[in-house]
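End of the sequence shown sits at 121 in the working numbering; the numbers just go up one at a time, nothing left out. For each residue, glycine too, the CB sits at the ideal point set by N, CA and C. Since the model is a prediction, treat every value here as computed from it, not as a measurement. Everything below concerns the one structure shown next.
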Amino acid sequence: GDIDFIVGDNSGLVSFYKNGGTGEFDLVDTYDFGERLSNGITSADFDNDGDIDFIVTQQFENKTDGGIYLVWNDGSQDCFYQSNRLKIADLPPTPSFFAGPVYSGGCLQSIDYKPVSPQYKTPLLK
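Laid out in structure tokens, this is it:
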């Protein structure tokens, strides 16, 4: 499939763009995490269906807690609408995030994050 992309910043807004296959990208939706900072974004084909899915980490402005949201890309035109996001974890602050290339049976098996404080550094999935 065509590669889609995601853009986020410290305003709490994350925008999803769908590749139309002609060299143009259309804004599908902008997620508003409100008071939260969208510091970590990663993408991979988490469900091995050929479409790139997205994970966004966020934290409150006071930096005391955070969470991880998953957005499945099923290839449909409306798959990135805000109602399709799924919160998969509550975590300490998570400013950066990485989907590692460890595969088993064709599916991603390693997701790590690097939090503000080193004592929280643990893989989420292995």
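{"Query": "Secondary structure of N43, DSSP reduced to three states", "Result": "coil"}
{"Query": "Whole-number beta carbon distance between V66 and D48, since they are thought to touch under 8 angstroms", "Result": "6 angstroms"}
{"Query": "Cβ-Cβ distance between D46 and D69 below 9 angstroms", "Result": "yes"}
{"Query": "Beta-carbon proximity check, G18 vs S10, cutoff 9 angstroms", "Result": "no"}
{"Query": "Exposure label - K82; buried when at least 16 CB within 10 Å", "Result": "exposed"}
{"Query": "9 angstroms Cβ cutoff met for Q72 and K13", "Result": "yes"}
{"Query": "Rounded straight-line distance, which links the Cα of D60 to that of S38", "Result": "22 angstroms"}
{"Query": "Distance between D27 and N5 (C-alpha atoms, nearest Å)", "Result": "11 angstroms"}
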